[in-house]
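As structure tokens, the structure follows; a few thoughts come after it.
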Amino acid sequence: MVVLNNVKNSNKTTIIIHEVSSKYQPQMERLIKKGIKNGLNAMEAGVIPGYGLIYLLIAKKLREASLSTSRKESLAIDKAADVMESMYTTLAENAGENPLDKLISTRKKLIDGNIDMKNILPAGIFLSELKRAKETVTNILRMDEVLRAKQLFKTESYGLSSGITIYTSEGCPWCARTKEYLRSRGISFREINVSRNPAAINDMIRVSGQTGTPVTVIKGQAVVGFDVERLNALLS
709 MVVLNNVKNS
719 NKTTIIIHEV
729 SSKYQPQMER
739 LIKKGIKNGL
749 NAMEAGVIPG
759 YGLIYLLIAK
769 KLREASLSTS
779 RKESLAIDKA
789 ADVMESMYTT
799 LAENAGENPL
809 DKLISTRKKL
819 IDGNIDMKNI
829 LPAGIFLSEL
839 KRAKETVTNI
849 LRMDEVLRAK
859 QLFKTESYGL
869 SSGITIYTSE
879 GCPWCARTKE
889 YLRSRGISFR
899 EINVSRNPAA
909 INDMIRVSGQ
919 TGTPVTVIKG
929 QAVVGFDVER
939 LNALLS
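Written as structure tokens, this is what we have:
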């Protein structure tokens, strides 16, 4: 690490990295920018424990909450906790561990307070996945409504028609980033909010095979999530 003291403009930061060949220089620059972006996201949204511990912590909180609810609600909460634990056991099995033994040993460490939580991850991606999972479950429960629904809201648009359509939903941070990115490039689009217009969910699933948002349709090709490289490739 190189630290520069007494610089004239302290608002700017200089990053000095080891020398690489010209062949790998673009890749190194992308990795540095990606690392800085992940660091900024972690500062904005916070961090969570790594190694799948977040799933066990959520399961623990859910089981505690189920004790203070009615029997029917507690059964549903316990099932949700089981799903969280299954995520952890799947990760353990993929890592070559015995899933049951790993679950029991980690549970014991959590109860004893003897668990290592030094490994952390940015919380933004995990929170976004939780929101998408919630949207998916909500859409499944409303499937009958979707099949019978009529369009109740007009689609929103930005600029002149360019043939680009964005399927968005309420409270989706990546939807806002996608729209902001297209606006910054002066690209017009048509926005369809599936939270306000459930009938459009079928169209979104048909073009993308996904229930999560955002889905950006460019030249008949679907871009799921905020994928700048794929957006640029289709827009070029």
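With the numbering used here applied, the sequence shown covers 709 to 944. Even for Gly, the Cβ is constructed at its ideal location relative to N, Cα and C.
>> Taking a contact to mean a Cβ-Cβ separation below 8 Å, would you say Met950 touches Leu761 in this structure?
In response: Because the chain here runs from 709 to 944, residue 950 falls outside it and cannot be looked at.
>> Please report the distance separating the alpha-carbon of Arg893 from that of Ile812.
In response: What you label residue 893 is simply residue 185 of the sequence shown in a count that begins at 1. What you label residue 812 is simply residue 104 of the sequence shown in a count that begins at 1. Near 52 Å, if we compare the C-alpha coordinates of Ile812 and Arg893.
> In chain order, which alpha helix (DSSP H) runs of at least 4 residues are fully inside the stretch 802 to 861?
Replying inline: 807 to 820, 831 to 849 and 851 to 856
> Pairing CB atoms from the stretch 799 to 815 with CB atoms from the stretch 735 to 752, are three or more of them under 8 Å?
Replying inline: no
>> Check for me: the alpha helix (DSSP H) holding Pro734 runs from which residue to which?
In response: The residue you call residue 734 lines up with position 26 of the sequence shown. Unbroken alpha helix (DSSP H) run through Pro734: Gln733 to Ala753.
> Is the number of C-beta pairs between the stretch 776 to 792 and the stretch 827 to 840 that are closer than 8 Å three or more?
Replying inline: no
> What's the gap between the Cα of Glu728 and the Cα of Lys769?
Replying inline: As a first step, residue 728 is located in the sequence shown; it is residue number 20 there, counting from the start. As a first step, residue 769 is located in the sequence shown; it is residue number 61 there, counting from the start. Here residue 728 is Val; the residue named in the question, Glu, does not match the sequence. Cα to Cα, the separation comes out at about 47 Å.
> For Ile723, which of Asp935, Ile744 and Ala930 has the nearest alpha-carbon?
Replying inline: Within the sequence shown, the letter at position 15 stands for residue 723. The candidate whose alpha carbon is nearest that of Ile723 is Ile744.
> For Ile913, does the three-state DSSP call read helix, strand or coil?
Replying inline: To locate residue 913, count along the sequence shown from 1; it is residue 205. Three-state result, Ile913: helix.
> With DSSP run on the structure shown, which of helix, strand or coil describes Ile723?
Replying inline: Numbered from 1 along the sequence shown, position 15 holds the residue referred to as residue 723. Looking at Ile723 - three-state DSSP - the assignment turns out to be coil, as it is neither helix nor strand.
>> If contact is defined by three or more beta carbon pairs under 8 Å, each pair taking one atom from either stretch, is the stretch 907 to 914 in contact with the stretch 820 to 836?
In response: no
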